[in-house]
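The structure appears right after this line, and notes come after that.
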Amino acid sequence: MTVIPRIGSSNHLRKYGLAVFAGICILTLGGGGFLTDSRFNRNLMAQKFAAGEPISSAGNPTARNSKEQQGTAGNNKEQQGTERNNKEQQGTARNSNEQQRTARNNKEQQGTARNNKEQQGTAGNNKEQQGTTRNSEEQRGKARNSREQQGTMRNSKEQEGTIRNNKEQQGTERNSKEEMIERSRKKSSTVLVHYVRFYETDPATPNSNSSYLQLCYLECLGVLSVMVHIKDVQIHIHSNFPRYIPYDSCRNLTGNWSAIQMVDRARITQVGGKSVQFIHHSADMAKLEVLYEYGGIVMDFDVYVLKGEKRLQTLFARYECVISQEFPTMMNAGFSACRRGSTWPLDLLQAYRTDFRPQDWLYNSGTVPFRQYSENAKYRRSVFVDQTIANNPNGKAKYLMQARNNVIDWKAKLGYHSFIDDCAFDRTAANATKSSFGYLLRYILAKSLKPEFSSQLDAAKESGILLP
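Numbering (full-length UniProt numbering), first residue to last: 1 to 468.
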């Protein structure tokens, strides 16, 4: 840009004014006529020139245009810069938005992750809850099992208690039996006499015929014969219904009925896998059990004792058991006597278990004992066989005692098995019967009433006067 120096005098103004003016005109004309058509610009420059102010190329239209163009270019650049800045700002904003979006996405992802974690936590909690529930169920199951186990243990304890009570009861019964045995053995002369009385049904029920279930008159006389001829005696009646007293019908007879004790004993209904149909077979097995457990004498109610404890003590001093024979090859279960713990009744019980014949009435009670005695040398030495009690070694003798006006030396017998179970036979019949059997019954009655009267009976027998 050309700068015209300031002129300090009028000479200089006049000297140089024309030249400058001409130059300006040339420049103006050569510059495209911008200032020619612009009065404003000429006047402005003239004023500046007259005032001595420096005239710059800014006043030159071309220069001004160039500058304007440059300014426009600058503006353009500025605008471009602005646009660029705007774009950058937009990019920045976009980046910011993207960053925000990214941040949002990150937050969302974090939220999602958090949600996932929360869901996982929830799932974990659910699993924990399920596990807790499962544990609770397991605990409840364990508690239930524990309660069941406790219940089982309680039941087991109750069962053990029941078993213990049963054992204690059995022990009590055993002790009671042993006490009875011990009491009876305190005196060496005490004799135990056992009867067995089984019933099909409870005789104490209202439908039972109690009068029939009571002992008959002849059976009462059989028990009375024991009281009369064995001074130191203890009588046991073993029954499956021991609370029922069967000898109330005998109390009108003079005798020590307080010497009788009822003993509980279960009736055997199965042996060797077979059913025991007849109550008499159950009674025969019970007799053997009693002999082994207690010792003493087992009798049927239709057996009458005629010899006392001295005769029995003499036999027991030499033999382990005393049994009776009914037929040549058959024993009789109506009268047996053994020491306590003898093996004889034990072996017979074993024969019931291995060879029981329920339809054969006398096989196990008659044939087997005879075979056991005959085939075993031990028993031939330790067992005494009496052939007078059952009174039928030849099949006829047992009826001789009942024959009218027959005289039999019955007082020499240890006992007499009558085989008579007629409940219609009463005291009137006993007094009216004209036979050795009638004489025996009257002898028992008279001796129970007046013991000293037995000597008179003996005198009557010796004189042959057997009937009243």
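Every residue gets a Cβ at the ideal spot worked out from N, C-alpha and C, and that includes glycine.
- Would you please state the rounded distance, in angstroms, between the beta carbons of V223 and Y247? I believe it to be under 8 Å. 7 Å
- With burial defined as no fewer than 16 other Cβ atoms inside 10 Å of the residue's Cβ, what is the status of R251: buried or exposed? exposed
- Message: Pairs of beta-carbons, one from the region 319-328 and one from the region 272-285, closer than 8 Å: are there three or more?
- Response: no
- Item | Delimiting residues of the alpha helix (DSSP H) encompassing A429 | 427-432
- Pick out whichever of Y217, T201, T205 has its Cα sitting closest to the Cα of N431. Y217
- Return the first residue and the last residue of the beta strand (DSSP E) that F335 is part of. 330-338
- Item | Endpoints, the beta strand (DSSP E) within which F437 is located | Taken as a continuous stretch (DSSP letters only), F437 belongs to no beta strand (DSSP E), being part of the alpha helix (DSSP H) at 436-449.
- Find the nearest neighbour of T367 within the set M331, R381, P242, Y379, judged by alpha-carbon distance. M331
- Message: Rounded to the nearest angstrom, what separates S374 and P345 at their Cα positions?
- Response: 15 Å
- Message: Given a cut-off of 9 Å on the beta-carbon distance, is the pair S239 and F301 in contact?
- Response: no
- Message: Could you check whether Y352 and G295 sit closer than 9 Å to each other, using their CB atoms as the reference points?
- Response: no
- Near L440, which residues of its chain fall below 6 Å by C-beta distance, leaving aside the five closest residues on each side in sequence? W410
- Query: If you check the beta carbons only, do L312 and A286 fall under 9 Å apart?
  - Reply: no
- Item | Counted within 10 angstroms of its Cβ, other Cβ atoms place R265 as buried (16 or more) or exposed | buried
- Message: Below 8 Å on the Cβ atoms is my contact criterion, and I expect K231 with E309 to pass it. Report the Cβ-Cβ distance as a whole number of Å.
- Response: 7 Å
- Looking at the structure shown, is R197 part of a helix, part of a strand, or coil, going by DSSP? strand
- Looking only at DSSP bridge pairs, what is M227 linked to? Paired residue(s): none; M227 is not in a bridge.
- First and last residue of the beta strand (DSSP E) that includes S239? 233-239
- Message: My assumption, with CB atoms under 8 Å, is that I444 sits in contact with H417. Please give the rounded CB distance.
- Response: Contact flag wrong, Cβ pair sits at about 15 Å.
- Item | Under the three-state DSSP convention, the category G30 falls into | With a pLDDT of 46 at G30, under the threshold of 50, the predicted position of this residue should be treated as unreliable, though the coordinate-derived value follows. Helix.
- Query: Exposed or buried, P328, counting other C-beta atoms within 10 Å across all chains shown (16 or more means buried)?
  - Reply: exposed
- Message: Looking at the strands, I want to know which residues DSSP matches up with K274.
- Response: V271
- Task: To the nearest angstrom, report how far apart I163 and G415 are at their CA atoms.
- Result: Because the pLDDT at I163 is just 49, under 50, the model does not fix this residue reliably, and the value given afterwards should be weighed accordingly. C-alpha separation (whole angstroms): 44 Å.
- Message: With H, G and I counted as helix, E and B as strand and the rest as coil, what does DSSP make of R64?
- Response: No answer about R64 holds up, because its pLDDT of 49 lies below 50 and its placement is not dependable.
- When burial is assigned at 16 or more other CB atoms within 10 Å of the CB, is L449 buried or exposed? exposed
- Cβ pair Y195, V305 closer than 9 Å: no
- Query: Can you give the Cα-Cα distance for E200 and F241, rounded to whole angstroms?
  - Reply: 10 Å
- Rounded to a whole number of angstroms, what is the C-alpha to C-alpha distance between L213 and I237? 14 Å
- Task: Taking Y304 as part of the alpha helix (DSSP H), name the residues at either end of that continuous run.
- Result: Note, Y304: premise wrong, no alpha helix (DSSP H); beta strand (DSSP E) at 303-305.
- For R340 versus F384, is the C-beta distance shorter than 9 Å? no
- Just the Cα atoms here: how many angstroms apart are F425 and L253? 15 Å
- Item | Nearest neighbour of T433, chosen from I408, K447, A403, A446 [CA to CA] | A403
- Roughly how many angstroms lie between the CA atoms of T269 and A446, to the nearest whole one? 41 Å
- Kindly indicate which residue of S382, V290, F370 has the alpha-carbon position closest to the one of L315. S382
- Task: Note down the Cα distance separating F356 from T190, rounded to an integer number of angstroms.
- Result: 35 Å
- Message: Excluding the 5 residues flanking Y379 on each side, which residues of the same chain have their C-beta closer than 7 Å to its C-beta?
- Response: W344, Q372, Y373
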